[in-house]
Every structure is written in C-alpha cells, then in structure tokens.
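Protein chains in written order, with numbering that gives the first Met the number 0: chain C, 0 to 113; chain D, 0 to 211. Notes for the one structure printed next.
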Amino acid sequence: MDLISGEKLEKMTSMEKIRLILDKVKTGRIVVLESGLTPDEEVRLIEMTMTEIRVDEFSGIEIESYPSKKEGSFFDKLFGRAVKGRMTVIGPANQLRTIEKDKYQIITKVSVGD
Amino acid sequence: MGFFNSLKVNLGVWINRIFKKKRAKIGLYGPPNAGKTTLANRIIQDWSGGGNLGSVSEIPHETRRAMRTEGVVIEANGSSIELDIVDTPGMATKIDFKEFMAFGLSEPEAKKRAKEATEGVIEAIKWLDDLDGVLLIMDSSEDPYTQVNVTVIGNMEARGLPLLIVANKMDLPEASPARIKAAFPQHAMVPVSALEGSNIDELYKAIATHFG
C-alpha cells in the first residue's frame, strides 16, 4: 500500500498524478492520496482507466473519496477556483472492495494475492 | 484550464443564469442501470409526442453511445424551457466482461459489450465539457455514496453548473429517497419512478426552475 503525501501531490501535474496512480494500481498496489484529486482529475483518471482496461489483465479501478463538504462561494465559482480534493483510496477493481461508505468514513476490504 | 479561460467559462455561466437562458443542453448522468434511458424516454414521450431515445435492459451498459434529442419543450410553473437532452452511457470505474456473462451473454458478446462500454464511459465524460446542466439519476434503492455520484457532483460544483438529483425507482419497496437527500443535502432532489411516471410532474417543475 502506498500513502502519498499532499505535499508530493501538490508538486505534480494532473497527468503525472494520473500516470503514477495507474502505474501503481495496475501492478496490484493500493494507493492512498492524502489530499485526493480535484473533480476534474477524478474524471480524467476514470477516462484514462477506461482506455487501459484489458480482458483478463486489468478490469479497472475501485476509487473512493468523500463527497465535497459544501458548495464553493460565489467568488470561487466566478473565478473557477478548483474544489480541493479530500483523502482518496484507489486500487485494482479485483482487489479493493468498498464495504461501507458515508460522509465521514470509508470501509474497504483488500484481497491479497488475487 | 488557464485562469482566463476558466474566468470566461464561469462568467458565461453566471451571465446565462442572470438572464435566464431559455434553451439548455442537459445531460442525463448516473451509474449503469439507474434508469437514465427510461427517464429520457419518458420525457420525450411526454413532451415530444412519442418515440423512444434508446432501448432499456436489465443488463448493465445497455446504452453505450450518447444519444441526443433536440428541442424538447417543457412547460411548467407558467413558463417553458427548450431542452436538448443527452442520454449518456452509464459511468463506471471498472468494467469486467464476466459480469455480462452472468446475465447470459456468450463470452464474445460479453467482451464486445465490455469494449463498447469502456468507450461509452469516455464519451459520457467528454460530454461534461459541452453541457449547461446535469440531471443526475440515482437508483433510490441503492447506496447513494458511489464514486460515480461523488465525481459527477464534484464536477458540476467545480464548474458552477446547475445540477438536479433524480431519485429514481421510488416504486421499489426498498427505495429511500431520504437517504439520497441526506447524502447530498446541498442539492435539490426529486423522487420519481420513471418507469411508472410517478411524481414526474414535480420533476418537470424542478427542471423549469433549475434550468430555465
């Protein structure tokens, strides 16, 4: 399992983050991002995942993050300021399974050696 | 997205809101089997005089290409709004052809469906850049805290675009629209049964209010 700090993520571009996540997840690793991804990065990660799905090799990812806390302010919306991401866990779809999730906690089951 | 492009896009959104744009391109989003196409067909039958936008099935990812219908005029709350409705393929983070075989598809059919489904998810994501608002369809008998729901809502909030949650399948005994409302209290939600047409007039009023 790889825990990646918010400080490291801040220094990376969106594409670098997505590539790092997919490279790790495709080798069977679980990735925990301290500060998560922006909503736009989340959809780009899903998009990239779809292009890399291969029969009997990689069926996709399980990704879990919390819902955003609240809507941005008027000025956040006006200036298009990104909504800050929250802690996120990502893993191979065949190894990471979400048991329960709500506003405050994410409970997952990790299968090893699948 | 650069700062000035972002400012331009967001100013455009606010100007449209201030001047109450009367035509909007609305995407129907949600996980597979939430009832997006059933709802799209219902809206078109109610306001465009019949016809179906797409076929429905209990097998996930029946809709694998986005389908658009233009010029659907909805009248509610004493005003009217003209919508371009885009029924998008179900969003997912994983697609395994074996899941389709459990519904009786042969292995080649399941693999073909899986391949098309991945393309459909990409298409649904691309459409997010070209919409004025989203109807997010959720199955109210299922857990609302799915990553697809969280991601679509996060994107709409970040883009400053209007979003209306449709708590579908309220006809099922285990349906709980209240659970959806509790999960995403900052957004308007309308419980409906797209299949039976229950509470559908309330949805049309909400559409006129949100997107008109």
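Even for Gly, the Cβ is constructed at its ideal location relative to N, Cα and C. As the structure is a prediction and not an experimental result, all values here were calculated from the model.
| Check | Outcome |
| --- | --- |
| If we call anything under 8 Å between Cβ atoms a contact, is residue 95 (chain C) one with residue 87 (chain C)? | no |
| DSSP three-state label for residue 37 (chain D), please. | helix |
| On a Cα-Cα basis, can you pick out the residue from D:192, D:183, D:158 that is closest to residue 174 (chain D)? | D:192 |
| Just mark residue 103 (chain D) as buried or exposed, buried being the case when its beta carbon has 16 or more other beta carbons within 10 Å. | exposed |
| Report yes if the C-beta distance between residue 30 (chain D) and residue 147 (chain D) is below 8 Å; otherwise report no. | yes |
| Touching or not, the region 105-121 of chain D and the region 21-29 of chain D, by the rule of three or more beta carbon pairs under 8 Å? | no |
| Would you mind telling me which residues of chain D sit closer than 7 Å to residue 101 (chain C), beta carbon to beta carbon, in chain order? | 144 |
| Work out the CA separation of residue 58 (chain D) and residue 61 (chain C) for me, nearest whole Å. | 21 Å |
| How would you label residue 64 (chain D), buried or exposed, when you count the other beta carbons within 10 angstroms and need 16 or more for buried? | exposed |
| Tell me the DSSP bridge mates of residue 57 (chain C)? | C:53 |
| Straight-line CA distance for residue 27 (chain C) to residue 88 (chain D)? | 28 Å |
| Report the rounded CA-to-CA distance for residue 52 (chain D) versus residue 18 (chain C), giving the unit in angstroms. | 37 Å |
| Which one of D:62, D:144, D:61 has the shortest CA to CA distance from residue 99 (chain C)? | D:144 |
| Inspect the CB distances between the region 161-170 of chain D and the region 131-141 of chain D and report whether three or more fall short of 8 Å. | yes |
| In chain order, what residues of the same chain have a beta carbon less than 6 Å from the beta carbon of residue 36 (chain D), not counting five sequence neighbours either side? | 53, 55, 62, 86 |
| Taking residue 103 (chain C) as the reference, give the member of D:189, D:202, D:124, D:183 with the closest Cα. | D:183 |
| If you drop the 5 nearest sequence neighbours on each side, which residues of the same chain put their C-beta closer than 7 Å to that of residue 24 (chain C)? | 30, 60, 89, 90, 91 |
| Ordered along the chain, which non-local residues of its own chain (more than five positions away) have a Cβ less than 7 Å from that of residue 190 (chain D)? | 139, 166, 169, 176, 198 |
| Buried or exposed, going by whether 16 or more other CB atoms sit within 10 Å of the CB of residue 38 (chain C)? | buried |
| When you compare each of C:46, C:34, C:14 to residue 7 (chain C) by their alpha carbons, which one comes out closest? | C:34 |
| Answer with buried or exposed for residue 42 (chain C), where buried requires no fewer than 16 other C-beta atoms within 10 angstroms of its C-beta. | buried |
| Would you list, in chain order, the members of the region 71-97 of chain D that have their beta-carbon closer than 9 Å to a beta-carbon of chain C? | 90, 91, 92, 93, 94, 95, 96, 97 |
| Can you look up residue 197 (chain D) in the DSSP assignment and give me helix, strand or coil? | strand |
| To which residues of the same chain is residue 38 (chain D) closer than 8 Å at the C-beta, ignoring the five residues directly before and after it? | 27, 134, 136, 165, 167, 191, 193 |
| Smallest Cα separation from residue 34 (chain D): which of D:187, D:178, D:60? | D:60 |
| For residue 180 (chain D), would you say it is in contact with chain C, using Cβ-to-Cβ distances shorter than 8 Å as the test? | no |
| Exposed or buried, what is residue 1 (chain C) when buried is set at 16 or more other beta-carbons lying within 10 Å of its beta-carbon? | exposed |
| Looking only at DSSP bridge pairs, what is residue 68 (chain D) linked to? | D:84 |
| How about residue 130 (chain D) and residue 25 (chain D): do their beta carbons lie closer than 8 Å? | yes |
| Work out the CA separation of residue 204 (chain D) and residue 13 (chain C) for me, nearest whole Å. | 39 Å |
| Are the beta-carbon atoms of residue 207 (chain D) and residue 73 (chain D) separated by less than 8 Å? | yes |
| Which residues, taken in chain order from the region 149-177 of chain D, show a beta carbon closer than 9 Å to some beta carbon of chain C? | 149, 150, 151, 152, 153, 154, 155, 156, 157, 158, 159 |
| Compute the Euclidean distance between the alpha carbons of residue 71 (chain D) and residue 5 (chain C), then round it to the nearest angstrom. | 46 Å |
| Beta-carbon of residue 206 (chain D) versus every beta-carbon of chain C: anything under 8 Å? | no |
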